[in-house]
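Position in the sequence shown counted from 1, then plus 9, gives you our numbering.
Since the structure comes first, as structure tokens, the remarks are kept for the end.
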Amino acid sequence: SFVGLRHEATHEELPALGRLVGASAEALEWLWGAYWSRLGTEERGGGGQVAAGTDGGGMGGKTAGSLSAVREEAGRLMRSYRGLRREAFKRKRQNSREHRVEVETVARACGELCGGGGGGRGSEQARVHAVVGVLVDEKLLLPSSRELGSAMGPAITLWSGLLDLLATTIADFRLTLIRHALSVLSSADAASANADQDADAEGLYLWTCHFLDSEGERGAVLALRWCCLYPGYWTGKLGHDILARSDEEFVHVWKGLFESSALRDADPVASEAVPSECQQEIEMNGFQDGVRGDSRVLSSNELGSGGWRRAVVPPSVPIGVVA
């Protein structure tokens with residue numbers, strides 16, 4: 010997450026306060042699990058040393074411990090909702106008043122979980138991030154053993170009742186869901202050369218499209234900006250989907266930037282290992298003339314196509330400039 014923050018600060022704009030708070034909370038939790046929480050165990054029996062080690066975490070340890078408890082309780086609530094929702098569909102009582110009360114009870118408990126504990130707006134946003142992390146990272150929104158190409162309609166029907174209620178009671182809940190889903194999608198793109206065969210990533214992509222339907226232009230701008238910063242298979246697919254259903258003015262503003270940021274090499278290893286005939290000819294002619302071959306010379310079609318291109322010789326332009 011810190012790499013993403015650095016990338017945004019360098020190439021786009023300074024991250025918002027809520028994003029910084031969420032990233033700091035994640036870092037504190039990692040420190041708690043990797044270091045602070047072990048001090049008491051390692052020094053048990055040392056009397057005052059244990060207390061000193063425990064207190065060394067200060068507010069950071071309390072924050073991390075609190076978020077861990079939030080995640081644990083959120084997981085319990087979400088799994089209990091999933092169970093009662095499935096049971097309601099099984100008994101054909103999903104539209105009954107009693108079941109609506111059950112859903113509202115879970116939504117109210119989730120709202121209290123996100124808003125409780127004090128600490129102001131930043132602390133509330135960190136708890137919202139923790140709850141969203143449970144939904145996305147633990148794949149609760151996806152059917153178990155999902156196969157590529159299978160429908161997401163049943164899963165969306167199962168969860169939409171609760172998610173819609175949370176979106177009305179928790180500020181920016183759906184936008185936080187979109188951000189977290191985009192982060193996971195871009196990680197899936199980076200982790201595998203066959204990202205298009207990832208059934209879970211496909212399911213999360215379909216969920217993201219569903220979330221964007223309810224957020225209008227604000228959600229579309231957020232998502233398309235991410236797609237430009239982190240080009241990949243799923244972010245590219247999502248970007249094309251957003252442009253396809255947007256109005257003419259939105260497309261005019263964003264299409265050029267999105268297409269310029271797209272990665273064009275379908276197989277970068279093959280393209281580097283086997284130079285094109287054009288490159289071979291340029292290099293051969295260059296060396297025959299006693300001049301170093303420059304593989305950056307491209308045909309007029311390639312120059313006019315836009316987007317990113319691989320070059321054997323580094324381009325003589327500043328980083329970030331699209332030549």
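Glycine is no exception: its CB is placed at the ideal position from the N, C-alpha and C atoms.
Asked                                                                                                    : Found
Collapsed DSSP secondary structure at Tyr90 in the structure displayed                                   : helix
Rounded C-alpha distance that separates Ser75 from Asp256                                                : 44 Å
Closest by C-alpha distance to His219, when choosing among Leu247, Asn203, Ala202                        : Leu247
Exposed unless 16 or more other CB atoms sit within 10 angstroms - verdict on Leu23                      : exposed
DSSP state of Pro1 mapped onto helix, strand, coil                                                       : Here the chain comprises residues numbered 10 to 332, so residue 1 is not present and cannot be evaluated.
8 Å contact criterion, which Gly228 and Glu147 should meet: CB distance rounded                          : Not a contact, Cβ separation roughly 23 Å.
Residue interval of the alpha helix (DSSP H) (run including Asp198)                                      : 182-200
Per-residue DSSP class, three states only, for Leu175                                                    : helix
Candidates Ala176, Val115, His189: closest to Ala210 by CA position                                      : His189
Whole-angstrom C-beta distance between Ser195 and Tyr239, which should lie under 8 Å                     : 4 Å
Distance, Lys264 Cα to Glu258 Cα                                                                         : 10 Å
Neighbour flag for Leu29 against chain D, beta carbons, 8 Å                                              : Of the protein chains in the structure, only one exists, and it is not chain D.
Validate contact between the stretch 96-114 and the stretch 134-150 using beta carbons, cut 8 Å, 3 pairs : no
Where Glu8 sits in the DSSP three-state scheme                                                           : Within the shown structure, residues of the chain are numbered from 10 to 332, placing residue 8 beyond reach of any answer.
Own chain, CB closer than 6 Å to Leu136, minus 5 neighbours either side, in chain order                  : First, the residue type needs correcting, since residue 136 is Arg and not Leu in the sequence shown. Taken in chain order, the residues that qualify are Val79, Cys123.
Alpha helix (DSSP H) segment containing Ser269, residue limits                                           : 257-270
Where the alpha helix (DSSP H) through Glu211 begins and ends                                            : 208-222
Where the alpha helix (DSSP H) containing Glu226 begins and where it ends                                : 225-238
Where Glu111 sits in the DSSP three-state scheme                                                         : helix
Cβ distance (whole Å) where Leu231 is taken to contact Ile187 below 8 Å                                  : 6 Å
Reduced DSSP category for Ala25 - H, G, I as helix; E, B as strand; rest coil                            : coil
Member of Arg117, Glu133, Ser154 whose CA lies at the smallest distance from the CA of Leu174            : Arg117
Straight-line Cα distance separating Glu133 from Leu29                                                   : 13 Å
Reduced DSSP category for Gln103 - H, G, I as helix; E, B as strand; rest coil                           : coil
Contacting residues, own chain, Cβ-Cβ under 7 Å from Ala343 (five flanking each side not counted)        : Summary: the structure shown does not reach residue 343, with the chain confined to residues 10 through 332, and so no result is reported for it.
Rounded distance between the beta-carbons of Thr185 and His138, thought under 8 Å                        : 6 Å
Beta-carbon proximity list for Leu157, same chain, < 7 Å, skipping 5 on both sides                       : Gln206, Ala208, Glu211
Where Leu26 falls, given that 16 or more other Cβ within 10 Å makes a residue buried                     : exposed
Reference Arg91; option with closest CA among Arg106, Glu81, Leu151                                      : Leu151
C-beta contact flag for Leu252 and Val260 at 8 Å                                                         : yes
Neighbour-count burial assignment, Gly162, 16 or more Cβ in a 10 Å radius                                : exposed
Cβ-based burial, Ala160 [other Cβ within 10 Å; buried from 16]                                           : exposed
Simplified DSSP state of Arg254, which is helix, strand or coil                                          : coil
7 Å CB neighbourhood of Tyr214 in its chain, flanking five on each side removed                          : Leu194, Trp243, Lys246, Leu247
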